[in-house]
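Chemist:
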Amino acid sequence: MATDWRERITADPAVLVGKPVVRGTRIAVEFVLDLVASGWSFDQVLANYPGLTVEDIRACFAYAKDVLAEERVFPAAHG
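Take 65 as the starting number for the sequence shown in the numbering used here and just add one per residue.
#1: Mind reading off the beta-carbon distance from T67 to A126? Whole number of angstroms is fine, and I expect it under 8 Å.
#2: Take E71 as the anchor and find which of L97, R122, K83 has the nearest alpha-carbon.
#3: Among V118, F95, R136, which residue has its Cα nearest to the Cα of F106?
#4: Using the DSSP secondary-structure output, state which residues sit across from A92 in a beta bridge.
#5: In angstroms with no decimal places, state the Cα-to-Cα distance between F95 and D130.
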């Protein structure tokens with residue numbers, strides 16, 4: 065079942081200058097993704113940030129997937 069990130073990810077200009085964060089925290093989606101990309105397991109993230117849940121981490125990935133799905137890249141012409 066796909067995670068609906070809209071229930072767990074929020075953006076507020078008063079929190080981290082509007083970066084998307086896990087609801088109820090000041091932990092940015094970008095930070096969570098960076099930890100996992102750096103080799104941290106979900107268990108390590110949860111042990112170091114006890115305010116997070118597995119569903120929060122999954123929501124970060126679901127958010128990133130949806131943002132990237134909307135992104136369009138147009139290669140620059142080389143001349």
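Quick reminder that beta carbons are idealized off the backbone N, C-alpha and C, glycines included.
Modeler: This is what the structure gives:
#1: 4 Å
#2: R122
#3: V118
#4: V85
#5: 17 Å
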